[in-house]
Amino acid sequence: MRSSTASTLLFPLCACLSSGLADGPLGRANVLGSSLGVYGLGLVLLTISSLPFMFSNFPYGPSGLNITLFAISLVLFGAGYGGMKVCTNPMMADSITAMHTSNEQAPLQDEPLNDMEKVRVQEGITDDVGDIPNAQLDLALQSLFRVAYCVSNCGGAGGDLPGTSLA
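Positions -22 to -1, 1 to 145 (mature numbering (1 follows the signal peptide of the UniProt record, and there is no 0)) are the ones given, in order, by the sequence shown.
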């Protein structure tokens, strides 16, 4: 099996397994922590497998231990990456929601409506003033994920540039 096919199968498989554990008995924080550990161990083994003393004739003669460490490191990297991927976005959303609900205070009955609330009620956007904090939460979540996906996609695009310029 080619390595690209193996990684194509490994990432989603680990993500499915991790999502079941994260939403079930272990919880997101524990799955994320263990996935980070597995991911880090994979990167350490990948680094060790590329050191010159691991080759019989550097860089053209890899040893059996070198190839074994390389294969193990890719499996650990894939397992850790799949586990992290399913936990980070829900944990970001949970932290924003928790921060928003802890800062939210119930309005007093005698408080007058501010201008924004009056316009929303008059235009029929909402007939309940209590929906306004939910709109702020939605806006905060949209901003969070917009920035997260932008950074992720720019990093992915930027990661391809050095490899294509070397070829």
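C-beta: ideal position from N, C-alpha, C; glycine also.
As the structure is a prediction and not an experimental result, all values here were calculated from the model.
Practice item. Just mark F36 as buried or exposed, buried being the case when its beta carbon has 16 or more other beta carbons within 10 Å. Key: With fewer than 16 Cβ atoms within 10 Å of its Cβ, F36 is classed as exposed.
Check your understanding: For F31, is the classification buried or exposed, using 16 other Cβ atoms within 10 angstroms of its Cβ as the cut-off for buried?
Key -> Its Cβ having fewer than 16 others within 10 Å, F31 is exposed.
Review point. Would C(-9) pass as a contact of A57 if the rule is Cβ separation under 8 Å?
Key: For the 8 Å CB-CB criterion, C(-9) and A57 form a contact.
Review point. With which residues is P40 paired in a DSSP beta bridge?
Key: Looking at the DSSP output, P40 shares a beta bridge with F33.
Exercise for review: Please report the residue range of the alpha helix (DSSP H) in which L24 lies.
Suggested key: Note, L24: alpha helix (DSSP H), R6 to S27.
Practice item. Please classify A126: is it buried, with 16 or more other beta-carbons within 10 angstroms of its beta-carbon, or exposed? Key: Classified as exposed, A126 has fewer than 16 neighbouring CB atoms from the shown chains inside 10 Å of its CB.
Point to revise | Which of helix, strand or coil DSSP assigns to P3 | key: Here P3 sits in coil by DSSP.
Review point. Out of curiosity, what's the CA-to-CA distance linking L44 and M69?
Key: One point to set straight first is that residue 44 is Asn, not Leu, in the sequence displayed. Roughly 37 Å separates the two Cα atoms.
Check your understanding: Measuring CB to CB, does L115 end up less than 8 Å from T75?
Key -> Yes, these two residues count as a Cβ contact at 8 Å.
Practice item. Mark G61 as exposed unless 16 or more other C-beta atoms lie within 10 angstroms of its C-beta, in which case mark it buried. Key: Around the C-beta of G61, 16 or more other C-beta atoms lie within 10 Å, and the residue is accordingly described as buried.
Check your understanding: Among residues of its own chain, excluding the 5 on either side of L24, which ones have a beta-carbon nearer than 6 Å to its beta-carbon?
Key -> Taking L24 as the centre and dropping the five residues before and after it, the same chain places the C-beta of S51 closer than 6 Å to its C-beta, in chain order.
Practice item. Measure the alpha-carbon distance for I26 versus Y59 and round it to whole angstroms. Key: Take the alpha-carbon of I26 and the one of Y59: they are about 19 Å apart.
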